[in-house]
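Visitor: Chains as they are written, first to last, in the working numbering: chain A, 40 to 408; chain B, 24 to 263.
Just so it is clear, CB atoms sit at the ideal spot from N, CA and C, and this is done for glycine as well.
(1) Classify residue 234 of chain B as helix, strand or coil using the three-state DSSP reduction.
(2) Could you tell me which chain B residues have their CB closer than 8 Å to the CB of residue 310 of chain A, listed as they occur along the chain?
(3) Return the chain-ordered ranges of every alpha helix (DSSP H) run that is complete within the stretch 171 to 202 of chain A and spans a minimum of 4 residues.
(4) Between residue 312 of chain A and residue 259 of chain A, how many whole angstroms is the CB-CB distance? I'm expecting something under 8 Å.
(5) Assign residue 58 of chain B to buried or exposed, taking buried as 16 or more other Cβ atoms, counted over all protein chains shown, within 10 Å of its Cβ.
(6) For residue 41 of chain B, write down the residues that DSSP places opposite it in a beta bridge.
(7) Using the Cα positions of residue 331 of chain A and residue 322 of chain A, report the straight-line distance between them to the nearest angstrom.
(8) If you reduce the DSSP assignment to three classes, tell me which class residue 25 of chain B lands in.
(9) Quick check on the DSSP output: what are the complete alpha helix (DSSP H) runs of length 4 or more inside the stretch 40 to 82 of chain B, in order along the chain?
(10) Ends of the alpha helix (DSSP H) at residue 380 of chain A?
(11) Starting from residue 153 of chain A, follow the alpha helix (DSSP H) in both directions and report where the run begins and ends.
(12) Can you tell me which residues form a DSSP beta bridge with residue 94 of chain A?
(13) Decide yes or no for the touch test of the stretch 381 to 390 of chain A against the stretch 226 to 246 of chain B: beta carbon pairs closer than 8 Å, at least 3 of them.
(14) In terms of residue numbering, what span does the alpha helix (DSSP H) encompassing residue 96 of chain B cover?
(15) Check each residue of the stretch 212 to 242 of chain B: if its Cβ is closer than 9 Å to any Cβ of chain A, include it; give the result in chain order.
(16) Here's a check: name, in chain order, each residue in its chain whose Cβ is nearer than 6 Å to the Cβ of residue 35 of chain B, leaving out the five neighbours to either side.
(17) Just by C-beta distance, which residues in the stretch 350 to 361 of chain A are closer than 8 Å to chain B?
(18) Can you tell me the Cα-Cα spacing of residue 89 of chain B and residue 378 of chain A, whole angstroms?
(19) Just verifying my parser: in three-state terms, what is the DSSP assignment at residue 80 of chain A?
(20) Using the C-alpha atoms, what's the distance from residue 319 of chain A back to residue 148 of chain A?
(21) Under 8 Å, Cβ to Cβ, is there at least one residue of chain A near residue 91 of chain B?
(22) Taking C-beta pairs closer than 9 Å, name the residues in chain B that residue 231 of chain A reaches, listed in chain order.
(23) Do we get a CB-CB distance below 8 Å when we pair residue 59 of chain B with the residues of chain A?
(24) State buried or exposed for residue 374 of chain A, treating a residue as buried only when at least 16 other CB atoms are found within 10 Å of its CB.
(25) Strictly under 8 Å for the Cβ-Cβ distance: is residue 384 of chain A near chain B by that measure?
(26) Starting from residue 363 of chain A, trace the alpha helix (DSSP H) both ways and give me its first and last residue.
(27) Run the CB neighbour count on residue 180 of chain B, radius 10 Å, all protein chains shown included, and call it buried at 16 or more, exposed below.
(28) Could you check the C-alpha separation between residue 391 of chain A and residue 153 of chain B for me, to the nearest Å?
(29) Helix, strand or coil for residue 205 of chain B? Go by DSSP, reduced to three states.
(30) Skipping 5 residues on each side, what residues in its chain have a beta carbon closer than 7 Å to that of residue 110 of chain A?
(31) Please give me, in chain order, every unbroken run of the alpha helix (DSSP H) with length at least 4 that falls completely inside the stretch 206 to 243 of chain A.
(32) Quick one: which chain B residues come within Cβ less than 9 Å of residue 344 of chain A?
(33) Would you please state the rounded distance, in angstroms, between the beta carbons of residue 112 of chain B and residue 121 of chain B? I believe it to be under 8 Å.
(34) Going by C-alpha distance, which of B/160, B/248, B/61 is nearest residue 128 of chain B?
(35) Taking only beta-carbon atoms, is residue 187 of chain B less than 8 Å away from chain A?
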């Protein structure tokens, strides 16, 4: 019964459905697109929108009190309806309480602590960082949240990705310059390549550690392997994804893995990736300026093997499997031990087994007779 | 042939023995055993550094250095022994004083063929051997070349920078592979081949005592017995 009714009503249902769908095209939902209401921003800007507004601190520095509407428009906070006093939590009225900071830096070092209110995880991570450690040793220039993220114009820190290295280059100028020359940095700047690492991919984001420690050194091959052992990613660029697994079997790699497993606190000079390829300025192996290009390889080896001669570089089999073309001596030794030697050993084993069988048969015969 | 010795032969054993190895050769063998054993037990943990048992043994970087030093000292001892052995052989050969007993010859091929027939129950009698049978020659020459290979490759990986001043660089990784693989091959060979023939087949202590009994001479080195005494070796069988 009901199904028959439904069939009879079907054309009407379809027509109604189409009308509703068409009508919905004209309906908009303005409430969703509208940014959250800002209560105090415009009120504060009646004074702080004046670009000449400034004051002189005790140190003699001039502190600009100007906040531009443009900065706020690009800020992630303002657009989410987060008010001025969310950060400036010591100011709720006009006239403001007297500013107690003597220098601009002192002001920054105190105001950034309000970031913790909302970003407690990342704030806690920074307290564990190299930067915080340097700060605790008395370096007031060590960066706090606002130094990297900005204050009134806080933006997404990695859009575009080049922004990350620009941020770091505020202090680490030479390193970022070297990075820009590297295969990674060049691809980032030239093509906006999304696969190459930026500073934070290797060094971490908030809990950035001292990269000069034993720990960092021992972990560094795995860090590189994060991308360079990823077959899908390496295939995209025609690179071998076996470089790490072959390194791990090499003299250097075994040495490092033993030290890492057992003597993690002991510094060891056996080569890790960056010792040969460079730290921030690693280049393609085919690049003539690369530390591992045939022309420069010997001097790279000589960093650790100072008396090595020109033949020495052939002792390094590279990140390559054994092959007749590349490593003929090794190839024949490998063949010798994988085919000829087992053959000889098996003959010996069979001969001895025949002797054992014969002596057992003899013994059984003599007991029977 | 049954292995049970008649009483009178035991007396003969006490009465008459044959010199097989001179004191110098017995010392050489002792040095060879000792140094090879030390090389093996200090070498294996280095070969298998990635394994946890090796890391348990070599529990500090200092121990790795220490075990390498022991390995190097044992290597020098063995190298000196090898130089003495070769030097003596060359000296004797130059003065036409060395017997050719240890060199392989056609008789070894015939003996091996004969022995194979015996092992497959196609012949009832074992071959009658000379001073060194083909099994013993295989032992000697297998280890001769094995030790030569390990010695050369060992010194190359001990002094890789110096050797590549005049050798191509490729010899270093090749030596590394050859050295550690040959060591394991030699160890397997000694355990299977040498230990069977000198301990299990019969306990042959002549390399330590230097002497073989008349029975042993007749039974295992019949042609040598005939050459030395001028008497037929098969007398033992006739006595039974």
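Guide: By the coordinates alone:
(1) For the purposes of this step, residue 234 of chain B is identified with residue 211 of the second chain, where counting begins at 1. Residue 234 of chain B: strand per DSSP, three-state reduction.
(2) In the first chain, counting from the first residue as 1, residue 310 of chain A sits at position 271. Those do not exist, as residue 310 of chain A stays about 14 Å from chain B at its closest Cβ, beyond 8 Å.
(3) 184 to 188
(4) The count along the first chain starts at 1 and reaches residue 312 of chain A at position 273. The count along the first chain starts at 1 and reaches residue 259 of chain A at position 220. Indeed they touch by this definition, with Cβ atoms about 6 Å apart.
(5) Position 35 of the second chain, counted from the start, is the residue given in the question as residue 58 of chain B. Flag for residue 58 of chain B reads buried.
(6) Stepping through the second chain from its first residue, residue 41 of chain B is reached at position 18. B/235, per the DSSP bridge assignment.
(7) Here residue 331 of chain A is taken as the residue at index 292 of the first chain, counted from 1. Here residue 322 of chain A is taken as the residue at index 283 of the first chain, counted from 1. Cα to Cα, residue 331 of chain A sits roughly 9 Å from residue 322 of chain A.
(8) In the second chain, residue 25 of chain B corresponds to position 2, counting from 1. Note on residue 25 of chain B: pLDDT 43, under 50, position unreliable in the model; the coordinate value appears next. Coil, per DSSP.
(9) Whole alpha helix (DSSP H) segments, 4+ residues: 46 to 70, 75 to 80.
(10) Indexing the first chain from 1 puts residue 380 of chain A at position 341. Taken as a continuous stretch (DSSP letters only), the alpha helix (DSSP H) holding residue 380 of chain A covers 380 to 407.
(11) Translated into the one-based positions of the first chain, residue 153 of chain A becomes position 114. Counting along the chain, residue 153 of chain A falls outside any alpha helix (DSSP H), and DSSP gives it neither H nor E.
(12) In the first chain, the residue the question calls residue 94 of chain A occupies position 55. Looking at the DSSP assignment, residue 94 of chain A forms a beta bridge with A/102.
(13) no
(14) Working through the second chain from its first residue, we reach residue 96 of chain B at position 73. First-last of the alpha helix (DSSP H) with residue 96 of chain B: 84 to 117.
(15) Identification of residues in the stretch 212 to 242 of chain B having a C-beta nearer than 9 Å to some C-beta of chain A yields 212, 215, 216, 219, 220, 223, 224, given in sequence order.
(16) Along the second chain, read from residue 1 onward, the residue named residue 35 of chain B stands at position 12. Reliability fails at residue 35 of chain B, whose pLDDT of 48 lies under 50, so the model's placement of it is uncertain and the value that follows must be treated cautiously. Hits under 6 Å: 237.
(17) 350, 351, 352, 353, 354, 355, 356
(18) Position 66 of the second chain, counted from the first residue, corresponds to residue 89 of chain B. Position 339 of the first chain, counted from the first residue, corresponds to residue 378 of chain A. Cα to Cα, residue 89 of chain B sits roughly 35 Å from residue 378 of chain A.
(19) Taking the first residue of the first chain as position 1, residue 80 of chain A is located at position 41. In this structure, residue 80 of chain A counts as helix in the three-state DSSP scheme.
(20) Here residue 148 of chain A refers to the residue found at position 109 of the first chain. Here residue 319 of chain A refers to the residue found at position 280 of the first chain. The straight-line gap from Cα to Cα measures roughly 30 Å.
(21) In the second chain, counting from the first residue as 1, residue 91 of chain B sits at position 68. Using beta-carbon distances, residue 91 of chain B does not count as an interface residue toward chain A, since no partner is under 8 Å.
(22) Numbered from its first residue, the first chain carries residue 231 of chain A at position 192. Near residue 231 of chain A there are no residues of chain B at all, since even the closest Cβ is about 41 Å away, more than 9 Å.
(23) Indexing the second chain from 1 puts residue 59 of chain B at position 36. Not closer than 8 Å to any Cβ of chain A, the Cβ of residue 59 of chain B fails to qualify, so no.
(24) Here residue 374 of chain A is taken as the residue at index 335 of the first chain, counted from 1. Its Cβ having fewer than 16 others within 10 Å, residue 374 of chain A is exposed.
(25) Walking along the first chain from the start, residue 384 of chain A turns up at place 345. At least one chain B Cβ lies under 8 Å of residue 384 of chain A.
(26) On the first chain, position 324 is the one that residue 363 of chain A refers to. Careful: residue 363 of chain A lies outside any alpha helix (DSSP H) and carries neither H nor E.
(27) Numbered from 1 along the second chain, position 157 holds the residue referred to as residue 180 of chain B. Its Cβ being crowded by 16 or more others within 10 Å, residue 180 of chain B is buried.
(28) Position 352 of the first chain, counted from the first residue, corresponds to residue 391 of chain A. Position 130 of the second chain, counted from the first residue, corresponds to residue 153 of chain B. Taking the straight line from one Cα to the other gives about 21 Å.
(29) Reading the second chain from its first residue, position 182 is the one you call residue 205 of chain B. In the structure shown, residue 205 of chain B sits in a helix (DSSP, three-state: H, G or I).
(30) To locate residue 110 of chain A, count along the first chain from 1; it is residue 71. Cβ within range, chain order: 191, 192.
(31) Runs found: 212 to 220, 222 to 230, 238 to 242.
(32) As a working mapping, residue 344 of chain A is identified with position 305 in the first chain. Ordered by position in chain B, the residues that pass the 9 Å Cβ test against residue 344 of chain A are 183, 184.
(33) Against the second chain, residue 112 of chain B aligns to sequence position 89. Against the second chain, residue 121 of chain B aligns to sequence position 98. Indeed they touch by this definition, with Cβ atoms about 6 Å apart.
(34) Position 105 of the second chain, counted from the first residue, corresponds to residue 128 of chain B. The residue with the shortest Cα to Cα distance from residue 128 of chain B is B/160.
(35) By one-based count along the second chain, residue 187 of chain B stands at place 164. At least one chain A Cβ lies under 8 Å of residue 187 of chain B.
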